[in-house]
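Here's the structure, in structure tokens; my notes come after.
In the numbering used here, the protein residues as written are 53 to 358.
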């Protein structure tokens with residue numbers, strides 16, 4: 053009897069684990085809160101902020117897609133707070149967003165987003181519950197978190213399937229529309245060419261939307277292909293850089309270019325370290341056209357040897 057009962061318990065536990073895995077949320081997010089610049093009040097509120105954001109990002113089900121535990125998208129949110137009004141709970145600072153993606157048939161992970169959101173202002177008080185809503189803006193903190201969660205997911209899906217991120221750009225767009233009437237900074241068109249509205253527009257606007265084709269070609273046809281044929285994969289990446297130059301020709305100040313640079317430039321230097329000199333010079337010229345302020349880093353492409 054005891055043995056039968058034990059087997060039943062084990063079976064139930066296994067079934068629960070399968071369900072939990074099938075219903076795994078999409079993001080595996082590490083959260084950091086740096087409050088070194090703030091000297092007033094207790095630091096406990098910042099620890100609570102960190103835990104609340106961690107729980108919110110990692111337990112919210114953002115999509116209808118099925119994710120296994122080992123398929124979660126790894127990301128980091130790093131808050132650097134510069135001020136806190138402990139009478140109102142208002143905090144200000146910036147937020148660094150990073151996300152990565154595994155490369156096919158390798159242990160290597162590649163950066164998809166490495167971006168600093170400089171317009172962070174929100175209210176948070178001890179005991180505050182962060183509540184998710186698709187239909188309305190609960191508060192500016194959850195709006196910011198929702199926006200970046202969907203952008204992380206959208207870019208990840210785009211890197212695996214051409215235009216695969218469509219539903220999640222649309223959700224990010226809904227968040228922007230709701231937030232624009234709030235009066236909070238970081239959401240309005242033409243307020244700043246690197247704010248959240250500008251980031252979303254870079255992946256929507258006709259002139260710069262080819263960045264999404266670049267994301268797919270670079271990752272699926274380039275990096276993933278390198279696990280099979282290094283030269284072919286690198287050649288496909290070279291082709292994506294030609295398209296990057298075309299975006300620069302029509303929208304040289306687009307935030308999508310700086311986002312690509314911050315995520316990919318060091319990786320590109322490493323990728324072309326094994327290329328022949330002709331290929332290196334070709335890539336150097338294309339990248340120099342798009343990123344003329346990065347001469348010192350780009351020079352590393354020519355310095356490296358086969």
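Even glycine gets a Cβ: it sits at the ideal position worked out from N, Cα and C.
query: Residue 164 and residue 207 - do their beta-carbons sit closer together than 8 angstroms?; result: yes
query: When DSSP builds the beta bridges, which residues end up paired with residue 167?; result: 149
query: Considering only heavy atoms of the ligand COA, does any lie closer than 7 angstroms to the CB of residue 246?; result: Of ligands this structure carries none, so the ligand COA is not represented either.
query: Can you tell me the Cα-Cα spacing of residue 298 and residue 333, whole angstroms?; result: 18 angstroms
query: Reducing DSSP to helix, strand and coil, say where residue 155 ends up.; result: coil
query: For a quick check, are the C-beta atoms of residue 200 and residue 149 less than 8 angstroms apart?; result: yes
query: Can you give me the start and stop residues for the alpha helix (DSSP H) that residue 311 sits inside?; result: 307-323
query: Going by DSSP, what residues sit across from residue 126 in a beta bridge?; result: 80
query: Compare the Cα-Cα distances from residue 83 to each of 237, 127, 97 and 296 and report the closest residue.; result: 127
query: Alpha carbon to alpha carbon, what distance is there between residue 272 and residue 284?; result: 12 angstroms
query: Would you call residue 276 buried or exposed, if buried means 16 or more other Cβ atoms sit within 10 Å of its Cβ?; result: buried
query: Just to confirm before moving on: does the CB-CB distance between residue 123 and residue 135 stay below 8 angstroms?; result: no
query: According to the neighbour-count rule (16 or more other Cβ atoms, all chains shown, within 10 Å of its Cβ), is residue 217 buried or exposed?; result: buried
query: Is it the case that the stretch 318-333 contacts the stretch 175-185, given that we only count it when at least three CB pairs across the two stretches are under 8 angstroms?; result: no
query: Three-state secondary structure (DSSP) at residue 283?; result: helix
query: With 16 as the cutoff for other CB atoms within 10 Å, does residue 305 come out buried or exposed?; result: exposed
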